[in-house]
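Worksheet for the structure shown next.
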Amino acid sequence: MRIRWLLFLFLGASLVVGRAQAQGGIAVAEVEVSYRFGEQARFSARISGPERAQVTLFVQGAGEPQARAIPLPWQADGKYLYDLNLRAASFPPFSIVRFWYGVESAAGTMRSETYTFVYADNRYDWQTLTSGPIRLHWYAGDLAFGQAALDVALATLDRMRPLAAPAETEALDVYIYASYEDLAGALGEGTAVWVGSHAYPDLAAALVVVAPGVDQRAMMEQYISHEVMHLLLNQSTGGRASRLPLWLREGLASQAEVIPDPGYTQALFAARDERALLPVDDLCLAFPPDSGRAYLAYAESDSFVRYLRGRFGDEAMRQLIAAYAEGRDCESGIWRVYGLPLDLLFWQWREAVLGENAWALALHDLAPYLVLAGVVLLVPFLQFLLIQSPLADD
Ligand SMILES: [Zn+2]
7 MRIRWLLFLF LGASLVVGRA QAQGGIAVAE VEVSYRFGEQ ARFSARISGP
57 ERAQVTLFVQ GAGEPQARAI PLPWQADGKY LYDLNLRAAS FPPFSIVRFW
107 YGVESAAGTM RSETYTFVYA DNRYDWQTLT SGPIRLHWYA GDLAFGQAAL
157 DVALATLDRM RPLAAPAETE ALDVYIYASY EDLAGALGEG TAVWVGSHAY
207 PDLAAALVVV APGVDQRAMM EQYISHEVMH LLLNQSTGGR ASRLPLWLRE
257 GLASQAEVIP DPGYTQALFA ARDERALLPV DDLCLAFPPD SGRAYLAYAE
307 SDSFVRYLRG RFGDEAMRQL IAAYAEGRDC ESGIWRVYGL PLDLLFWQWR
357 EAVLGENAWA LALHDLAPYL VLAGVVLLVP FLQFLLIQSP LADD
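Next comes the structure, spelled out in structure tokens:
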């Protein structure tokens with residue numbers, strides 16, 4: 007176990023990210039970038055070459071299909087500066103940003119090498135503890151706080167190993183914010199201040215809120231465990247966790263929490279009584295946008311996945327994860343592994359957990375189709391009767 011202080015960029019400190027380059031009479035040197043997280047990034051370089059050369063700065067955030075091309079006015083002294091609005095750019099926190107310069111002149115064109123920097127949240131003075139694949143970062147609380155959080159993350163890896171084995175060589179970063187407001191500031195504009203955690207599986211990074219204090223253990227065991235499972239799931243499927251139905255991803259992350267959310271049971275039974283349960287088909291791609299039904303979607307996902315694990319075991323659950331990671335759709339992944347339709351399993355879950363009648367549910371859901379089938383069969387039957395009846399003679 008060791009403690010390591012990260013050398014993140016601090017409030018306006020510049021980082022020289024590139025070495026000098028020259029080509030065809032054009033030279034790019036003194037390439038630097040500095041930024042205030044969520045506010046502004048300053049790119050600077052010294053570019054010398056032919057008169058009236060056209061200089062363009064290209065900046066590309068993680069996951070962006072195209073770089074933004076920013077034309078810079080020609081500078082006689084060769085000093086180029088550009089301030090990028092980070093509020094508008096909204097790069098994911100702790101992601102890698104790439105940039106380069108293009109220079110065009112009558113003498114030819116030149117593209118600099120690609121420079122990168124990690125867009126760390128440099129509003130805070132982060133401390134880091136590392137063990138196994140986990141890198142745990144925090145800025146509020148003492149060393150014991152960091153150690154407790156690290157232990158919760160490591161225990162999650164152990165507990166969930168039967169479903170998703172970590173790759174020991176790839177790091178998973180967990181950043182602990184001390185308040186919901188601090189986290190909302192990191193996630194960007196439009197984030198609700200009640201959001202307690204967020205994972206970026208592609209970056210192998212999770213951001214969670216844990217305020218040092220009496221509730222810290224419970225917050226750690228909920229938020230850290232949940233988000234670490236999201237990262238673990240993505241790592242163990244070779245970066246293909248996004249192919250899994252959302253009910254499975256969230257259900258599995260919820261299994262990792264030490265104590266299941268006590269409000270889930272209440273929400274499920276209330277929805278049952280109001281006939282407001284969300285059909286499983288609606289939970290494959292997205293959850294409802296309003297917080298009440300979204301909470302119900304999490305509760306159903308948690309309970310349904312718990313039911314599948316209990317009934318068919320973890321080996322089958324591993325196969326289900328693999329089937330979806332290979333590209334099966336919401337319905338066919340279930341068919342392939344359990345040999346039953348998704349709807350039927352969902353009705354059986356409602357029967358086993360919520361005490362409903364699976365056959366009544368099936369009939370209720372199938373009622374429109376039965377009516378349609380009746381109409382379709384009735385028309386030829388009536389035609390048959392008309393043909394058989396004797397025609398009246400004039
Ligand atoms: Zn989640």
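Going by my numbering, the letters in the sequence shown line up with residues 7 to 400, in that order.
Note that CB positions come from ideal geometry on N, CA and C, so glycine has one too.
query, result
"Once DSSP output is grouped into helix, strand and coil, what is the label at residue 164?", "helix"
"Quick one: residues in its chain with C-beta nearer than 7 Å to the C-beta of residue 249, no 5 flanking neighbours on either side, listed in chain order?", "330, 331 and 333"
"Leaving out five residues before and five after residue 278 in sequence, what residues of the same chain have Cβ atoms less than 7 Å from its Cβ?", "360 and 362"
"So residue 237 and residue 207 are in contact, right, with Cβ under 8 Å, and what is the actual spacing, rounded?", "6 Å"
"Nearest by alpha-carbon distance to residue 97: which of 195, 314, 311 and 106 is it?", "195"
"Can we say the stretch 147-167 touches the stretch 127-135, given the rule of at least three CB pairs closer than 8 Å?", "yes"
"Between 168, 110 and 301, which has its C-alpha nearest residue 401's C-alpha?", "Because the chain spans 7 through 400 in this model, residue 401 falls outside it and cannot be assessed."
"Looking only at its chain, what residues have a beta carbon closer than 6 Å to the beta carbon of residue 270, apart from the 5 residues adjacent to it on each side?", "305 and 308"
"With burial defined as no fewer than 16 other Cβ atoms inside 10 Å of the residue's Cβ, what is the status of residue 255: buried or exposed?", "buried"
"Going by the CB atoms, is the gap between residue 145 and residue 157 shorter than 8 Å?", "no"
"What is the rounded straight-line gap between the Cα of residue 75 and the Cα of residue 170?", "41 Å"
"For residue 323, report the span of its alpha helix (DSSP H) as first-last.", "297-331"
"Can you list, in chain order, every residue whose CB sits closer than 6 Å to a heavy atom of ligand 1?", "232, 236, 256 and 259"
"To the nearest angstrom, how far is it from the Cα of residue 233 to the Cα of residue 180?", "9 Å"
"Beta strand (DSSP E) containing residue 215: first to last residue?", "211-215"
"By DSSP, does residue 275 sit in helix, in strand, or in coil?", "helix"
"Do the stretch 61-73 and the stretch 102-109 meet, that is, are 3 or more Cβ pairs less than 8 Å apart?", "yes"
"Could you work out which residue in 288, 201 and 119 is closest to residue 216 when comparing CA atoms only?", "201"
"Apply the 10 Å Cβ neighbour rule to residue 185 and answer buried if 16 or more other Cβ atoms are within range, or exposed otherwise.", "exposed"
"Quick one: is residue 179 near chain C, going by C-beta distance under 8 Å?", "Although the question refers to chain C, the structure presented lacks it and comprises just one protein chain."
"Drop a sphere of 10 angstroms on the beta-carbon of residue 213, count the other beta-carbons inside from all chains shown, and report buried for 16 or more, exposed for fewer.", "buried"
"Pick helix, strand or coil for residue 84, following the three-state DSSP scheme.", "coil"
"Is it buried or exposed, residue 257, if we count other Cβ atoms within 10 angstroms and call 16 or more buried?", "buried"
"May I ask which residues mark the beginning and end of the alpha helix (DSSP H) holding residue 253?", "252-262"
"Just curious, the beta strand (DSSP E) that residue 48 is in, first and last residue?", "46-54"
"Which stretch, first to last residue, makes up the beta strand (DSSP E) that contains residue 34?", "32-42"
"Residue range of the beta strand (DSSP E) that residue 27 falls in?", "27-29"
"What would DSSP say about residue 72, mapped onto helix, strand or coil?", "coil"
"Is DSSP giving residue 341 helix, strand or coil here?", "helix"
"Return the residue from the list 198, 147 and 139 that minimises the CA-CA distance to residue 175.", "139"
"Mapping the DSSP letters down to three states, classify residue 178 as helix, strand or coil.", "strand"
"With which residues is residue 111 paired in a DSSP beta bridge?", "114"
"For residue 289, which of 265, 54, 352 and 89 has the nearest alpha-carbon?", "352"
"Distance, Cα to Cα, residue 178 vs residue 210?", "5 Å"
"Comparing C-alpha positions only, which one of 73, 99 and 165 sits nearest to residue 190?", "99"
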